[in-house]
Amino acid sequence: LAQNLFIAPPTPAQFAALAAFEPDTLSLLDERRDAFRTRRDLLLPALRAMGFDIPV
(Lines of atoms letter the chains of each structure in order from A and count residues from 1; the text may use other names and numbers.)
(Lines give C-alpha, C1' and ligand atoms only; values in the text may rest on other atoms or scores of the structure.)
Protein backbone atom coordinates (compact mmCIF):
# COMPACT_ATOMS: atom_id res chain seq x y z
CA LEU A 1 0.00 0.00 0.00
CA ALA A 2 2.74 2.49 0.91
CA GLN A 3 4.51 1.79 -2.37
CA ASN A 4 1.42 2.93 -4.28
CA LEU A 5 1.58 6.31 -2.57
CA PHE A 6 5.10 6.86 -3.89
CA ILE A 7 4.40 5.55 -7.39
CA ALA A 8 1.09 7.37 -7.89
CA PRO A 9 0.55 10.36 -5.59
CA PRO A 10 -3.08 11.13 -4.70
CA THR A 11 -4.95 13.38 -7.10
CA PRO A 12 -5.39 16.27 -4.60
CA ALA A 13 -1.61 16.35 -4.08
CA GLN A 14 -1.09 16.49 -7.84
CA PHE A 15 -3.49 19.43 -8.17
CA ALA A 16 -1.79 21.19 -5.26
CA ALA A 17 1.59 20.75 -6.91
CA LEU A 18 0.27 22.22 -10.16
CA ALA A 19 -1.25 25.17 -8.30
CA ALA A 20 2.16 25.99 -6.87
CA PHE A 21 3.32 27.00 -10.36
CA GLU A 22 0.40 29.28 -11.27
CA PRO A 23 1.30 32.95 -11.80
CA ASP A 24 -0.79 34.14 -8.83
CA THR A 25 0.94 31.69 -6.52
CA LEU A 26 4.39 32.60 -7.80
CA SER A 27 3.71 36.31 -7.30
CA LEU A 28 2.52 35.63 -3.75
CA LEU A 29 5.74 33.74 -3.07
CA ASP A 30 7.75 36.66 -4.47
CA GLU A 31 5.93 39.04 -2.10
CA ARG A 32 6.63 36.80 0.88
CA ARG A 33 10.29 36.41 -0.08
CA ASP A 34 10.62 40.20 -0.32
CA ALA A 35 9.01 40.60 3.11
CA PHE A 36 11.45 38.11 4.63
CA ARG A 37 14.36 39.86 2.90
CA THR A 38 13.26 43.19 4.38
CA ARG A 39 13.05 41.68 7.86
CA ARG A 40 16.45 40.02 7.45
CA ASP A 41 18.06 43.23 6.25
CA LEU A 42 16.71 45.03 9.31
CA LEU A 43 17.51 42.36 11.88
CA LEU A 44 20.93 41.16 10.71
CA PRO A 45 22.87 44.42 11.26
CA ALA A 46 21.23 44.87 14.67
CA LEU A 47 22.23 41.38 15.78
CA ARG A 48 25.79 41.88 14.54
CA ALA A 49 25.96 45.20 16.41
CA MET A 50 25.00 43.30 19.56
CA GLY A 51 27.93 40.95 19.05
CA PHE A 52 26.30 37.97 17.40
CA ASP A 53 28.41 36.18 14.80
CA ILE A 54 26.07 35.42 11.90
CA PRO A 55 27.71 33.90 8.81
CA VAL A 56 25.04 35.03 6.35
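Numbering (our numbering), first residue to last: -13 to 42. Think of the CB as a built atom: it goes at the ideal place given N, C-alpha and C, for glycine as much as any other residue.
Return helix, strand or coil for residue i, following the three-state DSSP convention.
i: E8; result: coil
i: P(-2); result: helix
i: P41; result: coil
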